[in-house]
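Engineer: Dropping the structure in here first, questions after.
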């Protein structure tokens, strides 16, 4: 399993020097760059032995995916611009969290919103397929959005979408916040396409193998046959100090 870290693409050389296998960067962050800024970062990535294999923050908050303001044309146009860029940086998997974009508006019918999101995901999958990208839907805890809050719910969603390019992200932090049993990962099996991890006590970098229920998480993933990537997605005041420590913790479970 490859180990990455969520940070800006321009930090790729630092991440490489720490020993990580890839960078997970932000789609929206890359899309908003002007031409010269993007070219500068693309050159930095080209000069590195690792790439930006994963991306998160797929949609900006103003693009709505549920409710009366959904515009499929706007979504498709945005995705084309985004994927044109991130494929040049090495994108293989894109995490689809975007809790603000997918949030169901107050008073809007939940079943209708679910069906909207299913159709949007199929559109995303179609565009992603043309770029060779897998989309990994990320369940987010209920403090961050009001739809797809657990791996179990995410699994139902992915199976409703029924698209080869739409899979699921298992995020340890969100699972812990929702008190979700890790055994659900065994059920998810081959539908898991990506992982996020943070110490659920403060959403900080993992520092010690015994500080959280990491063992149950990775044991379930082994039973599920998952072998792709895991990204550290957490807060830190000193990435150059905490990054190598987190890498050591993850390697402990993956040995």
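Numbering (my numbering), first residue to last: 15 to 269. Cβ atoms here follow ideal geometry from the backbone N, Cα and C, with glycine treated the same way. Please read these numbers as outputs of a predicted model, since none were measured by experiment.
Just to confirm the assignment, what range does the alpha helix (DSSP H) spanning residue 49 have?
Structural biologist: Going by DSSP, residue 49 is part of the alpha helix (DSSP H) stretching over 49 to 60.
Engineer: Would you mind sorting residue 188 into buried or exposed? The rule is 16 or more other CB atoms within 10 Å of its CB.
Structural biologist: buried
Engineer: Within 8 Å, do at least three Cβ pairs link the stretch 47 to 66 to the stretch 132 to 141?
Structural biologist: no
Engineer: If you draw a straight line from the alpha carbon of residue 127 to that of residue 169, how long is it in whole angstroms?
Structural biologist: 17 Å
Engineer: Give every residue of the same chain whose Cβ lies closer than 6 Å to the Cβ of residue 177, excluding the five residues on either side of it in the sequence, and list them in chain order.
Structural biologist: Counting only Cβ-Cβ distances below 6 Å, and skipping sequence neighbours, we find 136, 139.
Engineer: What number of angstroms, rounded off, separates the C-alpha of residue 233 from the C-alpha of residue 225?
Structural biologist: 16 Å
Engineer: Three-state secondary structure (DSSP) at residue 156?
Structural biologist: Coil.
Engineer: What does the alpha-carbon distance come out to for the pair residue 39 and residue 157?
Structural biologist: 23 Å
Engineer: From which residue to which residue does the beta strand (DSSP E) around residue 243 run?
Structural biologist: 243 to 246
Engineer: Which of the three DSSP states is assigned to residue 38 in this structure?
Structural biologist: strand
Engineer: Between 213, 215, 248, 186, which has its C-alpha nearest residue 235's C-alpha?
Structural biologist: 186
Engineer: Which runs of the alpha helix (DSSP H) fall wholly inside the stretch 128 to 216 and span at least 4 residues, in chain order?
Structural biologist: Listed in chain order, they are 165 to 175, 186 to 191, 198 to 202.
Engineer: Can you tell me whether residue 70 is helix, strand or coil according to DSSP?
Structural biologist: strand
Engineer: Specify, as a first and last residue, the run of the alpha helix (DSSP H) that residue 31 falls within.
Structural biologist: 26 to 32
Engineer: Assess, as a yes-or-no matter, whether the stretch 99 to 110 is touched by the stretch 43 to 51 under the definition of 3 or more beta carbon pairs within less than 8 Å.
Structural biologist: Between the stretch 43 to 51 and the stretch 99 to 110 there are three or more inter-stretch CB-CB distances shorter than 8 Å, so the stretches are counted as touching.
Engineer: Could you give the residue range of the beta strand (DSSP E) that holds residue 19?
Structural biologist: 16 to 20 is the extent of the beta strand (DSSP E) around residue 19.
Engineer: Could you spell out the range, first to last residue, of the beta strand (DSSP E) harbouring residue 109?
Structural biologist: 107 to 110
Engineer: By how many angstroms is the C-alpha of residue 209 removed from the C-alpha of residue 261?
Structural biologist: 14 Å
Engineer: Keeping to the same chain, check which residues put their C-beta closer than 7 Å to that of residue 167; ignore five residues upstream and five downstream.
Structural biologist: 153
Engineer: Is the separation between the beta-carbon of residue 115 and that of residue 74 shorter than 9 Å?
Structural biologist: Less than 9 Å separates the beta-carbon of residue 115 from that of residue 74.
Engineer: From the DSSP secondary-structure annotation, give me the bridge partner or partners of residue 236.
Structural biologist: Beta-bridge annotation (DSSP): residue 236 is not paired with any residue.
Engineer: What is the DSSP secondary structure of residue 84, reduced to helix, strand or coil?
Structural biologist: Here residue 84 carries a coil assignment [DSSP, helix/strand/coil].
Engineer: Can you look up residue 251 in the DSSP assignment and give me helix, strand or coil?
Structural biologist: DSSP places residue 251 in coil when its eight states are reduced to three.
Engineer: Count the C-beta pairs between the stretch 22 to 32 and the stretch 108 to 123 that are closer than 8 Å, then say yes if the count reaches three, no if not.
Structural biologist: no
Engineer: Looking only at its chain, what residues have a beta carbon closer than 6 Å to the beta carbon of residue 248, apart from the 5 residues adjacent to it on each side?
Structural biologist: 212, 217, 218, 219
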